[in-house]
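Protein chains: 2
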Amino acid sequence: MILKSQVEWALHCCAILAGLPDGRYLSTKALAELHGLPKEYLSKALQSLSQAGLVHTTLGPSGGYRLAKAPAELTFLDVVEAVEGKGRTFVCQNIRANNPCRPKDYCESGSCAIARIMWEADEAWRTALRKVTFADLGKTLEQEIDPGIWAGTFDWVLKRAG
Amino acid sequence: MILKSQVEWALHCCAILAGLPDGRYLSTKALAELHGLPKEYLSKALQSLSQAGLVHTTLGPSGGYRLAKAPAELTFLDVVEAVEGKGRTFVCQNIRANNPCRPKDYCESGSCAIARIMWEADEAWRTALRKVTFADLGKTLEQEIDPGIWAGTFDWVLKRAG
DNA sequence: GAATTAAGGATACATGATATCCCTATTTTG
DNA sequence: CAAAATAGGGATATCATGTATCCTTAATTC
């Protein structure tokens, strides 16, 4: 069970978009070059973000993407669910219903206890992702990244932002 | 990102083995019939449990599987990791290294902040699974399951346990 | 009107999950 | 001792999914 690489790509793209000045847009082409990713395929991940309403887009030259809300309002869970879907990581096939000791057409009273435990763990994972916003991430990056590279990247992005 | 169905199968099998009297064994054939699963393929999941040291096996007629330790010592995480592996659910490809603004052969100081956040969420998931043992599950099942089916299944298992 | 962009459909390929079959060594049963 | 049953594991087939590329369309900017 491994998350798609598109999740990683989308998270890094949102991290860049979170640093973009208000009203500016950054294109798929620029995001792909900045991260060394295939442009056409990265586009699919960005489309997922767009369909989930996390980013706003404009067409034409100087078009591209920007966040649809403030970085402090966008969580890691938003991005992960936009790309991976909102379905649970554990699917209950209700195999207890195959028990030959049960009467035919026996109707289950409640959900399977094993499934409930797995779903609670799933929810713990989502809760951890919901706690972290892209404002939090921005502060961490600013503390950790080499100041020269940070400034250089910012300039690089601004030069390509429409 | 969905867990393999083998995880569900292994969890249900361990729940049954946890209720087995000391020194008795239950075969793949019986476990497959009880859950309505393909015997040969279920066998692969049980082999994973065996390789992880979670169950003990014996050969020959009246052979099969029993838990290698007390139900209170066996956690959901043990079983999930035996089947799915211990690798993290998020893999960092370190795409920040592709940033064209970086000097050639720039050496990263630490791990990527995005990866760290994803790994913390992964750890929250594992912590939730580590908290639940098969002794806990047994109590829950005893409370929830129809007493007749519970007793009938117990008899069914005992009749087939070597 | 020309260039650029997001959106999305179609396709190809690799990988992994699911499933079955078969063989071997070991152990209990008769 | 012989036969039956078992776990273990290798080989193979099938299907779903992730990854990647190509192409078309509509909208927008210059």
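Line by line, the protein sequences are chains A and B.
When we follow the numbering used here, the leftmost residue of the first sequence carries the number 22, and every step to the right adds one.
When we follow the numbering used here, the leftmost residue of the second sequence carries the number 22, and every step to the right adds one.
For every residue, glycine included, the Cβ atom is placed at its ideal position computed from N, Cα and C.
Just so it is clear, the structure is predicted and the values come from calculations on it, not from any experiment.
- When Cβ pairs closer than 8 Å are counted between the two stretches, the stretch 95-102 of chain B is seen to touch the stretch 145-163 of chain B, the count reaching three or more.
- At a beta-carbon threshold of 8 Å, the residues of chain A lying near Ala145(B) are Ala145, Trp146, Thr148 and Ala149, ordered along the chain.
- Around the beta-carbon of Glu94(B), fewer than 16 other beta-carbon atoms lie within 10 Å, marking it exposed.
- Along the stretch 93-180 of chain A, the beta strand (DSSP E) does not occur as any fully enclosed run of 3 or more residues.
- Around Thr49(A), the same chain offers Lys60, Leu63, Ser64, Leu67, Gly85 and Tyr86 as residues with beta carbons nearer than 8 Å, after the five sequence neighbours per side are excluded.
- By DSSP's assignment, Val76(A) forms a beta bridge with Leu88(A).
- The shortest C-alpha to C-alpha distance from Thr96(A) to any of Cys113(A), Ala73(A) and Thr110(A) is the one to Ala73(A).
- Of all residues in the stretch 87-121 of chain A, only Phe97, Leu98, Val101, Glu105, Gly106, Gly108, Arg109, Thr110, Phe111, Val112, Cys113, Gln114, Ile116, Arg117, Ala118, Asn119, Asn120 and Pro121 come within less than 9 Å of chain B when Cβ atoms are compared, listed by chain position.
- In this structure Val28(A) does not touch Glu129(A) by the C-beta definition: roughly 34 Å separates them, more than the 8 Å allowed.
- For the 8 Å CB-CB criterion, Thr174(A) and Asn119(B) do not form a contact.
- Residue pairing by DSSP places Leu41(A) opposite no residue, since no beta bridge is assigned to it.
- Counted as a single uninterrupted DSSP element, the alpha helix (DSSP H) harbouring Lys50(A) occupies residues Thr49 to His56.
- Taking every protein chain shown into account, the CB of Gly169(A) has fewer than 16 other CB atoms within 10 angstroms, so this residue is exposed.
- When only Cα atoms are considered, Ser26(A) and Ile135(B) end up about 13 Å apart.
- Between the C-alpha atoms of His56(B) and Ile23(B) there is a straight-line separation of about 21 Å.
- Collapsing the DSSP output to three states places Ser26(B) in a helix.
- Per the coordinates, the alpha-carbon of Asn115(A) lies some 16 Å from the alpha-carbon of Pro124(A).
- Along the stretch 27-44 of chain B, going in chain order, the ones with a CB nearer than 8 Å to a CB of chain A are Val28, Glu29, Trp30, Leu32, His33 and Ala36.
- Using a CB distance cut-off of 8 Å, Thr154(B) does not count as an interface residue toward chain A.
- The beta carbon of Ala66(B) sits no closer than 8 Å to any beta carbon of chain A.
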